[in-house]
Structure formats: structure tokens, C-alpha cells
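Here is the structure we will look at.
Protein chains: 2
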Amino acid sequence: MLIGELAAQTGTTTRALRYYEEQGLLESDRTPSGYRVYSPHAVTRVRNVRDLLASGFTIDNVKSFVRYLDTDLPEVFEYSPSCADGYGVGARRVAELGEKIASLTRMRDILVHRMPWLASPNDAAQKEAA
Amino acid sequence: MLIGELAAQTGTTTRALRYYEEQGLLESDRTPSGYRVYSPHAVTRVRNVRDLLASGFTIDNVKSFVRYLDTDLPEVFEYSPSCADGYGVGARRVAELGEKIASLTRMRDILVHRMPWLASPNDAAQKEAA
DNA sequence: CTAAGCATTGACCCATGCGTGAAGGTCAAC
DNA sequence: GTTGACCTTCACGCATGGGTCAATGCTTAG
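Quick look at the structure:
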């Protein structure tokens, strides 16, 4: 299949697919005239990439999972030592997200401290969510 | 005073001061040879800009406060209708920060949901912090 | 033949607050 | 006169995931 069809089947754009290929996450054959040709497996692969991106991983993170992208990913990953490297990536990413969250939360708290009259609704929602 | 001394007195860099000027947050006279010359008021101004940035405002936000930057800012802003526009900026910024925090938190929760074995320490700290 | 609708590579754009050179002019002191 | 410490204006770089042209080629139906 050509790139437009793959884009349609995976709900993304041709630009994104070329980007994934540029990042080493996707392969393609070429017609004599240079068009990218994909096997049906590419659909799974692209869905997995987008799944992981939507789960909060970065493109660089996803590169670490490249070995697992050709089969459907489970909803929840069991712990198995054969995937320890992937788990390290997950742990680091969670730590990064935690730091960013903490940093933004500090900023928001400083702001609310200096402007107390804009405090309550967000604060209540925040405490409830945690 | 010249830019280097202003940088030293405000604990920042010459690069940052030129950037603030480029953004319309700081003014300077020039010597015949083109050096920037600042009045002592500039020290207060720069400190206020950095104070607001450290409080979680963006450069664009600070531009809205440009009228108030020549006198010392209070630690906590009282509510007064004469500054309603500034308060709107504060409210919007707090909302933006809240959205970013919520978005990152959603991502982290999805990740932890898919990789449950990396859950606890961050989670506990998070709930405690809120 | 030609137009429509696909494809190609290349390259700039977004936001954020500066850091970090490069290449050069100015000023005070020795 | 020359060294060294200051100053000047560019202008690229960062991290993120593509968006959005531009200029051009391929393919197929009318």
C-alpha cells in the first residue's frame, strides 16, 4: 500500500509517517519511481507508535521499544525480566513527567500565593484529583 | 550605568537584559559610541521582571504588567479594581498552568496504568504534595 | 493532451527564555 | 601602542511532533 492509504488506515498524516521513518521507527520499500510501499504489518507498527506516544512517551522513548512494535501491544505490561530495558525507559519517563508536574505545580502555587483571590476552584479540583 | 553593571546588580546576564529590551520591557539611552546606559530605576524594573518570571509568568504575561514595573512589587497582590487587567492575566496564567499540569498528570497516570510495577513512590509523594 | 490527485525531497515554522559563540568596535590603564 | 576588559549586532541552538508551504514528478481518467 502507498503512504496515503497507510495514513488513512492509521488515522494520521503522510507527514507524520515520513517523520516516523526519518526517526527509524518505520520502514518502507520503494517503487521504481520512488513511492513508498508498505506491507500490511506497517499498520500495526504505526498504531503501536501512536499508542505509545499517546501514553506519554516521546519519540526517543519509542525508539527503545522498536523491537516490540510489530505485534499488538498489551493494555497493561506484565513485569518480565526479558524487557528490563523497556521498563527502565518507562521508569525514567515517569520520573521526568513527575518532575515537570512538580515544577509547574510549584509555579502555580507561587502564583496563587501572590494572588490569593484566584485560588479556590482549581485548588479544590486538584486536591480531589490526587 | 552600563549593561554589565546592571547585570551584576540584578543577578542576571547581559544577554537577558538585551532580550528584555528587545521585548519592550526595558529602556536604555546610548553613549555616542552606542553603549547602553541605564538609570538607577532600571535595577527595580529588572528585578520586578525577574520576580514575575520566577512567579510563573511568561515574558508575554509580564508585558501586561509593564505599567507597574517601576515601583517595588508587593509580596502578595491585594485585590483592587484598578488593576483588573493584570488580574485577568494572572487568572489566565493559573488556568494555563493548571491545564498543563492536568495534561502531564493524565499522561503519567496512563503510563503508570500500563506499567503498574513502577507506581508507588512518586504516587505517594504526589498525593502528599496535593 | 491535459488536468486532477496522488507522490517525492527540502526546508522553514511553532513556543520559551535565554546560552553561546562569532566578528568586531571602545575605553582605560600601563 | 597595546593589552585586556568591556561593549556592539547578528544569528544559531535547545526540545517536541509534526504543520505547512514550495517546487517538482508520477499516474490515471477523461
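Sequence order for the protein chains is A and B.
Using the working numbering, read the first sequence as starting at 936 and increasing by one per residue.
Using the working numbering, read the second sequence as starting at 936 and increasing by one per residue.
Don't be surprised by glycine CBs; every beta carbon is placed ideally from N, CA and C.
At a Cβ threshold of 8 Å, is residue i touching chain A?
i: V1011 (chain B); result: yes
i: G939 (chain B); result: no
i: Y954 (chain B); result: no
i: Y1014 (chain B); result: yes
Anything in chain B within Cβ reach of residue i, meaning under 8 Å, just list it in chain order.
i: V997 (chain A); result: The premise fails here: V997 (chain A) is roughly 13 Å from chain B at the closest Cβ pair, so nothing lies under 8 Å.
Check the Cβ of residue i against every Cβ in chain A and list those closer than 8 Å, keeping chain order.
i: S990 (chain B); result: M1042, I1045, L1046, R1049
i: R1002 (chain B); result: Correct list: empty, because the minimum Cβ distance to chain A is about 17 Å.
Against chain B, with Cβ distances strictly below 8 Å, would residue i count as a contact?
i: L1053 (chain A); result: yes
Going by the DSSP bridge assignment, what does residue i pair with across the sheet?
i: L937 (chain B); result: B:V972
i: D964 (chain B); result: B:V972
How long is the line joining the alpha carbons of residue i and residue j, rounded to whole angstroms?
i: T948 (chain A); j: T1040 (chain B); result: 27 Å
i: V978 (chain B); j: T993 (chain B); result: 20 Å
i: R985 (chain B); j: E940 (chain B); result: 16 Å
i: E1031 (chain A); j: R1049 (chain A); result: 27 Å
i: L952 (chain B); j: G969 (chain A); result: 51 Å
i: L937 (chain A); j: S1038 (chain B); result: 34 Å
i: A1054 (chain B); j: R982 (chain A); result: 25 Å
i: A942 (chain A); j: D995 (chain B); result: 37 Å
i: G1033 (chain A); j: I1036 (chain B); result: 10 Å
Mind pulling the chain A residues with CB within less than 9 Å of residue i?
i: Y1022 (chain B); result: M1050, W1052, L1053
Give the interface partners of residue i over in chain A, defined as CB-CB distance under 7 Å, in chain order.
i: A1026 (chain B); result: L1053
What does residue i touch in chain B if you count any residue whose Cβ is under 7 Å from its own?
i: Y970 (chain A); result: Residues of chain B passing the Cβ test: none, with the nearest at roughly 36 Å.
Could you work out which residues of chain B lie near residue i, taking near to mean beta carbons separated by less than 9 Å?
i: V1029 (chain A); result: R1043, L1046, V1047, M1050, L1053, A1054, N1057
Does DSSP put residue i in a helix, in a strand, or in coil?
i: L1004 (chain A); result: coil
i: Y954 (chain A); result: helix
i: M1050 (chain B); result: coil
i: E1013 (chain A); result: coil
i: T993 (chain A); result: coil
i: T947 (chain A); result: coil
i: G959 (chain B); result: coil
Is the closest heavy atom of the ligand PLP to the C-beta of residue i under 7 Å?
i: Y1003 (chain A); result: Judged by which ligands are present, the structure shown has none, so any question about the ligand PLP falls away.
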